[in-house]
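> Let me begin by handing over the structure; questions about it come next.
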Amino acid sequence: MKAQIQQLVSQALERLAADGALPAGRIPQPVIERTRDAAHGDFACNVAMVLAKVARCRPRDLAEKVVAALPDSRRVARVEIAGPGFINFFLAPEAYRELVPEILHQGHDFGRSRIGAGKRVQVEFVSANPTGPLHVGHGRGAAYGAAVADLLEAVGFEVHREYYVNDAGRQMDILATSVWLRYLGLCGETFSFPSNGYRGDYVLDIAATLHQEHGDDYRHSAAEVFADLPPDETPQQPDGDKEAHIDALIERARHLLGDIRYRYVFELGLNNILDDIREDLEEFGVCYEKWYSERSLVESGAVNKVVQRLRDSGHLYEKDGALWFRSTDYGDEKDRVVERDNGQTTYFASDIAYHADKLERGFERVIDVWGADHHGYVPRVKAALEALGDDPARLDVLLVQFANLYRQGRKVQMSTRSGSFVTLRELRQEVGRDAARFFYVMRKCEQHLDFDLDLAKSQSSDNPVYYVQYAHARVCSVLKQGAGKGFDLETSAGATNLEHLTEDHEQALLRTLSRYAEVVEAAALKEEPHQLTHYLRELANDFHTYYNAHQFLVDDRALRDARIKLILAVRQVLRNGLNLLGVSAPESM
RNA sequence: GCCCCUGUAGCUCAGCUGGAUAGAGCGUCCGCCUCCUAAGCGGAAGGUCACACGUUCGAAUCGUGUCAGGGGCGCCA
82 MKAQIQQLVS QALERLAADG ALPAGRIPQP VIERTRDAAH GDFACNVAMV LAKVARCRPR
142 DLAEKVVAAL PDSRRVARVE IAGPGFINFF LAPEAYRELV PEILHQGHDF GRSRIGAGKR
202 VQVEFVSANP TGPLHVGHGR GAAYGAAVAD LLEAVGFEVH REYYVNDAGR QMDILATSVW
262 LRYLGLCGET FSFPSNGYRG DYVLDIAATL HQEHGDDYRH SAAEVFADLP PDETPQQPDG
322 DKEAHIDALI ERARHLLGDI RYRYVFELGL NNILDDIRED LEEFGVCYEK WYSERSLVES
382 GAVNKVVQRL RDSGHLYEKD GALWFRSTDY GDEKDRVVER DNGQTTYFAS DIAYHADKLE
442 RGFERVIDVW GADHHGYVPR VKAALEALGD DPARLDVLLV QFANLYRQGR KVQMSTRSGS
502 FVTLRELRQE VGRDAARFFY VMRKCEQHLD FDLDLAKSQS SDNPVYYVQY AHARVCSVLK
562 QGAGKGFDLE TSAGATNLEH LTEDHEQALL RTLSRYAEVV EAAALKEEPH QLTHYLRELA
622 NDFHTYYNAH QFLVDDRALR DARIKLILAV RQVLRNGLNL LGVSAPESM
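Quick note, the first sequence lines up with residues 82 to 670 if you use this note's numbering.
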């Protein structure tokens, strides 16, 4: 509808240009916006003020000319000039009414568009290290990334969702070693667990599986395992080096177990945790087209190849036995290591290879959803892409701020160290999937999120999720009631009877419904799902107000038909919107 | 020290590529079920848009600076 107004104004401007009232040449695309105040009509255009200068004409005078040049449209009831030179459009009631059959006809597809048609975009999100279960911080990235992906898909992009699995590298070795040590504990060995090891219960569970299935097969004596190791760093031994200690333990594990057995423990840990993450996300309604393994990148030689490319193009140099990438050439604040002095490529090297691969796969746009703590990482990845001759502008990194949980007005303390962190699974169990998905995307991603657990659980209008879902359930309930009363609820086809929708509440509802497609488009293109949550609340509010003010199941058949069609349209839009956010639309509550 | 984010009603936040009188929810106060779910609705009070300059027809929005809060800065991932 907005686009139609825009076209009318464009035509008027062309006419004026042809008549010489406007300088020929570049005529800007006029900006049409929704009015804030109904007294200003439905849409407003500020083009007269914008062009007043080049037209050498006062804004209001120019507005007169534009209005005079506007082609007729049956959708526009009247046009007014107001304020400093706004051109206000008042739509004909029928322009809104036509929306109802359109919504009912298009159903699930209503609000979708083809703006992104033909463009492929990749969205990588969550990508948490498989060294433990997802926590509430990952949850926000999951809900946000999934919503952005679904929104982009809704406006026509071909979306590819991906989870990058950091299954190579030192952290995974630490996990494997932690599992093995816990296993030794279960075998009856006694020793002090390394301070840098993973001490979560899930490690113990995996160790128990190993013990159950293989008994003492993987057992070595603690004395043998800990012989001649550099001392750990503990409160009792502040002089120790926890990094050196754990690295030595990893080496010892490899040595004592041998490649095959070590690999077995490693895989057991990885697979257990990855399966858990997959299941967790699936239950959260988050699915991927691909789980991309870092190890596959290392093993296929892609990492070495990309390092070689950088070396050949003169972007690398050696210092202190390590290989450095001169990222400062591209605006990074310092150079970065791609290969450590022990010959191992760094996580960063894998990441370069991964991002180069993304661009090679031909995505027009590549979106990374990262935790805000990674923001320092952005310049170096972009630098690497530029050094490789790719266009870094194709990569868009969206940084998601952390989420803080609140219970009874108090911040819930979370820390990995104390082991008291809240997992995503625990959160879902406490507040439910719908509330979690909705709450996570209520704020824009760069905003710190205060997640009120009590509110998310409350079954009242204070809780925006229940409020919106309740509107949906209420429509369903009305229909059930109608059937119970023996009303004929088969609605008429097309725009029949819709002229009976004359109440202010009905007009307001139609107006809100007409905004839906615009909201979806804006939320998608700006990567701001929170716009949709706000919209859904407004729509639900309009509906609840209408519900309280008017009876739908009236005796007048034509009026009843019109009202039922309207609330069916409301239900459809609520459903479509909730669906894009991964929130269910219950039939009853 | 450097970098990123944020400062709008008592609280939590919207405010679209600058636009008309600054918006919601919660909380507070006052009302509304003989009626399709009161898990709902209506009304009232509540603001120096952190502060100062600048850009222009016009600034909460853009620019610069100041102040305040949060986060990040490793041959870790």
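We put the CB at the ideal spot given by N, CA and C, even for glycine.
1. Just to confirm the assignment, what range does the alpha helix (DSSP H) spanning Leu233 have?
2. Hey, quick one: how far does the beta strand (DSSP E) through His241 stretch, first residue to last?
3. Please classify Thr572 as buried or exposed, where buried requires at least 16 other C-beta atoms within 10 Å of its C-beta.
4. Measure the Cβ-Cβ separation of Glu375 and Asp472 and say whether it is below 8 Å.
5. Assign Ala93 to one of three DSSP states: helix, strand, or coil.
6. Would you call Ala670 buried or exposed, if buried means 16 or more other Cβ atoms sit within 10 Å of its Cβ?
7. Given that a residue counts as buried once 16 or more other Cβ atoms are within 10 Å of its Cβ, and exposed if not, what is Val447?
8. Between which residues of its own chain and Pro165 is the CB-CB distance below 8 Å, once the five residues before and five after are set aside?
9. When you compare only the Cα positions, how much space is there between Leu351 and Asp118?
10. Expressed to the nearest angstrom, what Euclidean distance is found between the alpha-carbon atoms of Ile287 and Asp298?
11. Is it the case that the Cβ atoms of Asp438 and Ala383 are separated by a distance below 8 Å?
12. CA-CA distance, Arg159 and Val181?
13. Quick check on Val413: does DSSP put it in helix, strand or coil?
14. Let me make sure I understand the geometry here. Which of Ala576, Leu479 and Phe365 has the alpha-carbon closest to that of Gly513?
15. Can you tell me where the alpha helix (DSSP H) with Tyr371 in it begins and where it stops?
16. With distances taken Cα to Cα, identify the nearest neighbour of Ala150 among Pro174, Val240 and Gln88.
17. Taking all protein chains shown into account, do 16 or more other C-beta atoms lie within 10 angstroms of the C-beta of Ile331, making it buried, or fewer, making it exposed?
18. In whole angstroms, what separates the C-alpha of Arg359 from that of Tyr283?
19. Rounding to the nearest angstrom, what Cα-Cα distance links Gln540 and Tyr547 in this structure?
20. Taking all protein chains shown into account, decide if Gly218 is buried (16 or more other Cβ within 10 angstroms of its Cβ) or exposed.
21. Give the range of the beta strand (DSSP E) segment to which Arg446 is assigned.
22. In three-state DSSP terms, what is Asp533?
23. Determine the extent of the alpha helix (DSSP H) in which Pro429 is found, giving its start and end residues.
24. Roughly how far, in whole angstroms, is the beta-carbon of Val204 from the beta-carbon of Val240, given that I think they are within contact range, below 8 Å?
25. Given a threshold of 16 other Cβ atoms within 10 Å of its Cβ, counted over all protein chains shown, does Cys368 qualify as buried or as exposed?
26. Since Leu94 and Val147 are thought to touch, with beta carbons under 8 Å apart, how far apart are those beta carbons, to the nearest angstrom?
27. In whole angstroms, give me the CA-to-CA distance for Gly500 and Val522.
28. Looking at C-beta atoms only, is the number of pairs between the stretch 249-267 and the stretch 170-186 that lie closer than 8 Å three or more?
29. Out of Ala257, Gln612, Tyr435 and Gln110, which has the shortest C-alpha to C-alpha gap to Glu599?
30. According to DSSP, is Asp477 helix, strand or coil?
31. Please go through the stretch 92-160 and give each complete alpha helix (DSSP H) segment of 4 or more residues, from N-terminal end onward.
32. Where does Ala517 sit, in a helix, a strand or coil, going by DSSP?
33. Which residue's Cα is closest to the Cα of Ile327: Ala308, Gly278 and Tyr345?
34. Within the same chain, show all residues whose beta-carbon is closer than 7 Å to that of Gly412, passing over the 5 residues directly before and after it, in chain order.
35. Which residue wins for smallest C-alpha separation from Gln389, given the options Asn423, Gln588, Ile433 and Glu414?
36. Taking only runs that begin and end inside the stretch 303-386, name each unbroken alpha helix (DSSP H) of 4 or more residues, in chain order.
For this structure:
1. The residue given as residue 233 occupies position 152 in the first sequence. DSSP places Leu233 in the uninterrupted alpha helix (DSSP H) bounded by Val217 to Ala235.
2. Looking up residue 241 in the first sequence gives position 160. Where His241 is concerned, the enclosing beta strand (DSSP E) stretches over Glu239 to Val246.
3. For the purposes of this step, residue 572 is taken as the residue at position 491 of the first sequence. Around the Cβ of Thr572, a 10 Å sphere holds 16 or more other Cβ atoms; the residue is buried.
4. Within the first sequence, residue 375 is the residue found at index 294, counting from 1. Within the first sequence, residue 472 is the residue found at index 391, counting from 1. The beta carbons of Glu375 and Asp472 sit no closer together than 8 Å.
5. In the first sequence, residue 93 corresponds to position 12, counting from 1. The answer is helix: DSSP assigns Ala93 an H, G or I state.
6. Locating residue 670 in the first sequence gives position 589, counting from the first residue. Here residue 670 turns out to be Met, not Ala, going by the sequence shown. By the beta-carbon neighbour count (other beta carbons within 10 angstroms, threshold 16), Met670 is exposed.
7. Here the question's residue 447 lines up with position 366 in the first sequence. Looking at its Cβ environment, which holds 16 or more other Cβ atoms inside 10 Å, Val447 is buried.
8. Your numbering for residue 165 matches position 84 in the first sequence. Listed in chain order, the non-local C-beta contacts of Pro165 below 8 Å within the same chain comprise Met130, Pro140 and Arg141, local neighbours out to five positions each way being set aside.
9. As a working note, residue 351 is residue 270 in the first sequence. As a working note, residue 118 is residue 37 in the first sequence. Just so you know, the alpha carbons of Leu351 and Asp118 end up roughly 57 Å apart.
10. Indexing the first sequence from 1 puts residue 287 at position 206. Indexing the first sequence from 1 puts residue 298 at position 217. When rounded, the distance between both Cα atoms is 15 Å.
11. Residue mapping note: residue 438 aligns to position 357 of the first sequence, counting from 1. Residue mapping note: residue 383 aligns to position 302 of the first sequence, counting from 1. Closer than 8 Å, so yes.
12. The residue labelled residue 159 in the question sits at position 78 within the first sequence. The residue labelled residue 181 in the question sits at position 100 within the first sequence. Rounded to the nearest whole angstrom, the C-alpha separation of Arg159 and Val181 is 22 Å.
13. Counted from its first residue, the first sequence places residue 413 at position 332. It is worth fixing the name first, because residue 413 is Asp in this sequence and not Val. When DSSP states are grouped into helix, strand and coil, Asp413 belongs to the coil group.
14. The residue you call residue 513 lines up with position 432 of the first sequence. The shortest C-alpha separation from Gly513 is found at Phe365.
15. Translated into the one-based positions of the first sequence, residue 371 becomes position 290. Checking the sequence, you will find Lys at residue 371 rather than Tyr. Lys371 -> not in any alpha helix (DSSP H); beta strand (DSSP E) instead, spanning Lys371 to Ser374.
16. Counting from 1 along the first sequence, the entry for residue 150 is found at position 69. Of the residues Pro174, Val240 and Gln88, the one whose Cα lies closest to the Cα of Ala150 is Gln88.
17. As a position in the first sequence, residue 331 is number 250, starting the count at 1. Per the 10 Å Cβ criterion, buried.
18. Looking up residue 359 in the first sequence gives position 278. Looking up residue 283 in the first sequence gives position 202. A direct Cα-Cα distance of roughly 15 Å separates Arg359 from Tyr283.
19. The count along the first sequence starts at 1 and reaches residue 540 at position 459. The count along the first sequence starts at 1 and reaches residue 547 at position 466. One C-alpha to the other measures close to 6 Å.
20. Taking the first residue of the first sequence as position 1, residue 218 is located at position 137. Gly218 comes out buried.
21. As a working mapping, residue 446 is identified with position 365 in the first sequence. That run of the beta strand (DSSP E) goes Arg446 to Gly452.
22. One-based indexing of the first sequence puts residue 533 at position 452. Reduced to three states, the DSSP call for Asp533 is strand.
23. As a working mapping, residue 429 is identified with position 348 in the first sequence. One point to set straight first is that residue 429 is Phe, not Pro, in the sequence displayed. Note, Phe429: alpha helix (DSSP H), Tyr428 to Glu441.
24. On the first sequence, residue 204 is found 123 positions in, with the first residue counted as 1. On the first sequence, residue 240 is found 159 positions in, with the first residue counted as 1. Correct: roughly 6 Å between the Cβ atoms.
25. Within the first sequence, numbered from 1, the residue matching residue 368 stands at position 287. By the 16-neighbour rule on beta-carbons within 10 angstroms, Cys368 is exposed.
26. Taking the first residue of the first sequence as 1, we reach residue 94 at position 13. Taking the first residue of the first sequence as 1, we reach residue 147 at position 66. Going by Cβ atoms, the distance from Leu94 to Val147 rounds to 7 Å, so yes, they are a contact pair.
27. Within the first sequence, numbered from 1, the residue matching residue 500 stands at position 419. Within the first sequence, numbered from 1, the residue matching residue 522 stands at position 441. At Gly500 the pLDDT is 46, less than 50, meaning the model places this residue with poor confidence; the figure from the coordinates comes in the next sentence. So the two alpha carbons sit approximately 27 Å from each other.
28. Segments in contact, no.
29. Taking the first residue of the first sequence as position 1, residue 599 is located at position 518. Checked all of Ala257, Gln612, Tyr435 and Gln110; the closest Cα to Glu599 is Gln612.
30. Within the first sequence, residue 477 is the residue found at index 396, counting from 1. When DSSP states are grouped into helix, strand and coil, Asp477 belongs to the strand group.
31. Here the runs fully enclosed are 128-136 and 140-150.
32. For the purposes of this step, residue 517 is identified with residue 436 of the first sequence, where counting begins at 1. Three-state result, Ala517: helix.
33. Walking along the first sequence from the start, residue 327 turns up at place 246. Of the candidates Ala308, Gly278 and Tyr345, Gly278 places its Cα closest to the Cα of Ile327.
34. What you label residue 412 is simply residue 331 of the first sequence in a count that begins at 1. Here the set comprises Pro460 and Ala464.
35. Within the first sequence, residue 389 is the residue found at index 308, counting from 1. When each option's Cα is compared against that of Gln389, the closest is Ile433.
36. Listed in chain order, they are 303-307, 323-364 and 375-380.
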